[in-house]
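Same order as they appear, the protein sequences are chains A and B.
Anchor point for the first sequence: position 104 equals 232 in the working numbering, and the numbering is continuous, going up by one each time.
Anchor point for the second sequence: position 471 equals 481 in the working numbering, and the numbering is continuous, going up by one each time.
For each residue, glycine too, the CB sits at the ideal point set by N, CA and C.
Remember, predicted model here, so these are calculated numbers, not experimental data.
The next block holds one structure in the form of structure tokens; read it before the comments.
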Amino acid sequence: MKLTGNTSGSVLKSRDRSLVAISLPTIMWYLAFCYLPMFGMVIAFKRYRMVPGRGFIYSLFRGSEWVGIDNFRFLFLNPQMSLVIRNTIFYNLVFLLLDIVLPIGLSVGLSLISSNRFRAVSQAVSLLPYFLSWVVVSSLTYAFLSTDRGLINHALAHIGITPIAWYRTPAVWPWILILTHLWKSVGYFMVLYLSYISSIDKSLYDSAMMDGAATSQMIRYITLPHLKGIASVMVILSLGHILSTDFGLFYQVTRDSGSILSATETVDVYIYRALINNSDYGFSAAAGLLQNGIGCVLLLIVNYILNRMDPDNGLV
Amino acid sequence: MKKNGIIILISLFICLMILNGCGANPQTDEPVNLVWWVYGRKAPNALDEVVERANAISADRIGVTVEMIYKDEEQFDLDMATGEYYDMTFTCDWCNDFDDHARDGYYYDLTDLVVSETPKLFETVDPWWEIGSLNGRIYGVPMLKDLAVEAFFRMNSDYYEGEKGLTLPDEIAFSELEKYASMWKEDHPDEYPLYMTQKGYGQVFQCHENIVGEYLVIPYRYAGTSEGTVIIPIWDDGECMDMLRYMHKWYDAGYINPDAATTTDIPYSLHTPIRTGIAWSGFMGWSDPTVTGFNVKLVRFMGPYMSRSTQQGSLIAVNSAVSEERAEASLRYMELLYTDREFRDLLAYGIEGKHYNYYENTVIRTQAGSDDYLVDLFATGPVISASVVSAGEDVLADSDQWTRVYEGYEGIHVSDTRGFSFDDSGYETQTAALDAIWESYRSDLLTGTIDPDEAMGDMRTQMEAVGLFDLLSEAQRQLDSYLESVK
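Here it is in structure tokens:
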């Protein structure tokens with residue numbers, strides 16, 4: 129898109145030059161920290177060996193042999209891998225759905241409340257968990273779920289129910305993980321959607337009211353259509369990470385319990401377990417490349433589909 | 011125009027800052043200042059003060075100073091892989107792997123230099139040079155310490171001996187722990203006598219030599235027999251399996267905390283009457299009643315067993331990329347650590363009078379020593395050349411402890427693998443997949459949380475699918491040909 133007509137014939141006009149200068153540090157930052165390191169991706173196809181006395185770049189490009197797709201094989205050797213991938217995709221799809229439905233519902237509800245103070249307090253309270261680290265969250269959930277000292281088991285004992293060894297019961301973990309994820313993320317997404325709702329032109333609602341529209345009709349015909357764009361962007365971005373999960377949630381909150389792995393092991397946790405003892409950077413790069421490669425392809429496909437449905441909804 | 015100029019200038023300045031951030035730190039060219047990578051999760055508070063004092067002494071005596079950089083296991087791997095500069099580095103069997111790195115040519119071949127440049131060092135370490143050798147060449151200087159694995163129960167002697175009137179023996183079988191655990195449980199029904207973290211009783215996996223991961227092993231008890239060089243999967247080691255079965259029984263009996271497999275920490279405030287640990291006879295490090303809340307007696311339940319991995323608890327290697335001059339300086343420094351007790355104590359315990367005091371030829375730490383300079387003894391040099399630590403004036407250690415420990419090694423079970431180390435080149439994929447399977451059961455097994463027979467059955471099915479037995483054949487082939495070559 130042209131910002132100004134190029135009447136003088138020079139490549140950059142004076143104003144453009146200052147705009148370029150302003151963005152130069154960011155461009156350099158991206159080049160240095162996002163694009164240049166991408167060449168390191170070749171480590172996924174090499175058996176990396178450090179050459180004594182040389183740096184990483186020399187060792188990678190000159191001192192390490194090519195091994196083709198050998199580094200990817202460890203991901204598929206494990207007979208549990210299909211379960212691990214199933215878990216990863218299951219949780220991501222559930223999170224994707226709930227991260228859209230719940231925050232939108234809550235933000236629409238909150239936007240209709242006239243008390244500013246109540247709205248502000250609700251936003252702050254629901255946003256707070258987002259800023260807690262997973263280590264803290266892990267301790268909090270442990271305080272509830274500990275077999276002998278946990279609040280829930282104490283409560284169960286009071287009403288005569290035998291305490292449950294939560295960290296050894298796989299069936300409950302999909303619920304616990306989904307709840308924990310929602311508790312931590314709903315506030316963040318809600319604030320995001322609320323900011324979009326508040327940017328909707330108020331005159332639209334006024335006109336609708338003048339025409340006798342009910343609240344539900346205003347939500348359906350004004351609010352939700354305006355949120356479609358941002359919701360589409362959220363879907364596209366989430367699908368870009370379909371094979372990646374939040375390591376903190378699946379490793380810290382589960383406290384690395386082996387007994388519940390059938391319900392909690394995701395690709396990232398598997399990679400951690402496989403590589404904790406041998407620090408093979410080729411393997412971890414291969415795993416990362418595969419996760420992100422598939423995510424990227426999926427992102428482009430969904431983006432294309434959404435663009436075809438409505439050109440305003442696409443991300444790129 | 012003026013405004014544009016300012017914007018461009020500011021932008022250029024920020025760009026320069028970014029570029030500056032990308033650049034490497036300038037290296038000091040001081041020939042005698044050695045960069046020394048030391049094992050430790052966190053550098054002690056008083057590090058600078060102690061190193062400054064040590065540098066003044068070493069500069070005067072041998073013309074060498076050091077910059078000690080503390081690293082944890084992950085940092086070692088990362089910095090080694092990216093070619094960060096160092097002169098001397100901590101290396102061992104379980105961190106910054108000595109055999110692999112020596113095989114890959116990362117470490118300086120010290121074979122001739124150590125004899126010609128530092129004959130005293132050579133003489134002091136002799137006859138243990140094989141620990142730091144690979145294929146007959148010396149790539150690392152062993153920092154001598156306990157060389158065998160001995161596992162102990164750390165038992166509350168105030169309770170068992172004082173209150174219950176028993177005499178704790180020096181050694182018991184693993185299964186005999188049951189009576190001590192049940193005794194405590196009867197008196198304290200709401201407590202767990204074997205309270206443990208997710209690391210569990212890791213010593214159980216030390217009854218055999220680990221050949222590949224922790225799942226392909228050779229039991230020490232077969233040393234000297236025809237089975238002493240036969241590699242087996244862990245589930246075929248009856249002794250280990252029996253210990254795991256006992257643990258599971260104790261778990262079901264309520265002796266072990268139900269969430270052990272997910273517990274990360276046991277505070278000393280929780281007065282667990284029985285803990286475990288790897289140490290050596292005469293070790294006093296766990297015996298300070300002001301820390302534990304009661305007097306502790308060590309009761310051995312396993313070992314001593316010796317193999318290449320138990321011997322390789324601590325070595326210092328020199329970067330193969332450094333000049334001969336710097337390699338010589340490194341050796342001189344190590345010689346000083348071995349031959350000057352006061353200098354060694356300085357790096358081990360801090361500054362005399364501030365961090366520790368001498369008492370009856372042993373060392374007693376001060377509060378400042380415990381707070382500001384508590385480092386792993388093996389990380390800063392040879393343990394045997396440092397003074398031994400007493401827990402207090404009333405709990406004195408044997409100052410000649412090491413002579414006795416090494417005398418005890420004379421008749422012990424030494425593994426028949428004779429320094430063999432498995433080379434996993436070409437098998438990294440399988441080992442990574444097997445490690446992942448192993449890791450998913452490890453904590454549950456070592457805390458008694460799951461039935462070991464069922465778990466090992468499941469694990470076996472999964473591991474077979476990954477090719478465990480191909481790996482076992484390869485490891486056995488490598489071991490046989492190695493033993494043939496060293497005949």
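Please determine, among the options, the residue with the shortest C-alpha to C-alpha distance to residue i.
i              : options                           : result
Y369 (chain B) : B:K52, B:G436 and B:D408          : B:D408
T101 (chain B) : B:Q322, B:Q472, B:Y359 and B:E403 : B:Q322
M78 (chain B)  : B:K209, B:A91, B:F432 and B:P54   : B:P54
G421 (chain A) : A:A160, A:D144 and A:M166         : A:M166
G416 (chain A) : A:V425, A:I433 and A:V395         : A:V395
L478 (chain B) : B:H423, B:T273, B:E438 and B:A183 : B:E438
V170 (chain A) : A:V425, A:S412, A:L427 and A:M437 : A:S412
G429 (chain B) : B:T390, B:K497, B:D445 and B:A475 : B:K497
W445 (chain B) : B:E219, B:Y315, B:Y225 and B:L144 : The amino acid at residue 445 (chain B) is misidentified as Trp; the sequence shows Asp. The candidate whose alpha carbon is nearest that of D445 (chain B) is B:Y225.
H111 (chain B) : B:G142, B:P137, B:D122 and B:Y190 : B:G142
A183 (chain B) : B:G175, B:D97, B:A161 and B:K174  : B:A161
K174 (chain B) : B:E196, B:E181 and B:M153         : B:E196
Y49 (chain B)  : B:D461, B:E417 and B:D386         : B:D386
S407 (chain A) : B:D89, B:L493, B:S491 and B:A69   : B:D89
S261 (chain A) : A:I280, A:F375 and A:A293         : A:F375
S235 (chain A) : A:I325, A:L365 and A:R383         : A:I325
If you check the beta carbons only, do residue i and residue j fall under 8 Å apart?
i              : j              : result
I185 (chain A) : I370 (chain A) : no
I374 (chain B) : Y366 (chain B) : yes
I148 (chain B) : F353 (chain B) : no
T457 (chain B) : G223 (chain B) : no
Q380 (chain A) : S266 (chain A) : yes
T207 (chain B) : D109 (chain B) : no
A359 (chain A) : I228 (chain A) : yes
I266 (chain B) : F163 (chain B) : no
L325 (chain B) : V124 (chain B) : no
I244 (chain B) : T427 (chain B) : no
D246 (chain B) : H218 (chain B) : no
R351 (chain B) : S395 (chain B) : yes
Give the straight-line distance between the Cα atoms of residue i and residue j, rounded to the nearest whole angstrom.
i              : j              : result
A443 (chain B) : M251 (chain B) : 23 Å
N431 (chain A) : F223 (chain A) : 19 Å
N166 (chain B) : G172 (chain B) : 9 Å
M316 (chain B) : Q216 (chain B) : 10 Å
A465 (chain B) : Y451 (chain B) : 7 Å
D468 (chain B) : A485 (chain B) : 23 Å
E334 (chain B) : V393 (chain B) : 27 Å
L482 (chain B) : E140 (chain B) : 26 Å
W529 (chain B) : M98 (chain B)  : With chain B covering only 11 through 497, there is no way to say anything about residue 529 (chain B).
G31 (chain B)  : I150 (chain A) : Caution applies to G31 (chain B), whose pLDDT of 46 falls short of 50 and renders its modelled position unreliable; the model cannot decide the point.
A475 (chain B) : L205 (chain A) : 8 Å
S380 (chain B) : G360 (chain B) : 10 Å
T297 (chain A) : I388 (chain A) : 6 Å
Closer than 8 Å by C-beta to residue i: which residues in its own chain qualify, once you throw out the five before and the five after it? Chain order, please.
i              : result
Q472 (chain B) : I447
N65 (chain B)  : T75 and V76
P36 (chain B)  : Since pLDDT at P36 (chain B) reaches only 40, below the 50 mark, its modelled position is unreliable, and the value read off the structure follows with that caveat. Contacts found: none.
Y169 (chain B) : W194, P283 and F304
V363 (chain A) : L224, I228, V430 and L434
L280 (chain B) : Y205
S330 (chain B) : G115, Y116, Y117, Y118 and D119
Using a Cβ-based criterion (distance less than 7 Å to any ligand heavy atom), does residue i qualify as near the ligand HEM?
i              : result
D454 (chain B) : The model on display carries no ligand, and the ligand HEM is accordingly not part of it.
What does a CB cutoff of less than 6 Å around residue i pick up in its chain, not counting 5 residues either side in sequence?
i              : result
L147 (chain A) : none
M253 (chain B) : F184 and V214
V397 (chain A) : F378 and Y379
Which term fits residue i, buried or exposed, when burial requires 16 or more other beta carbons within 10 angstroms of its beta carbon?
i              : result
Q419 (chain A) : buried
V249 (chain A) : exposed
T239 (chain B) : buried
G93 (chain B)  : buried
W301 (chain A) : buried
L357 (chain B) : buried
E338 (chain B) : buried
Q208 (chain A) : buried
P499 (chain B) : With chain B running from 11 to 497 in the structure shown, residue 499 (chain B) is simply not present.
Which residues in the same chain have their Cβ closer than 7 Å to the Cβ of residue i, if we skip the five residues on either side of it in sequence?
i              : result
V159 (chain B) : Q216, I288, G313, P314, Y315 and T320
S192 (chain A) : K174, R175, Y176 and R177
Y333 (chain A) : M346 and I350
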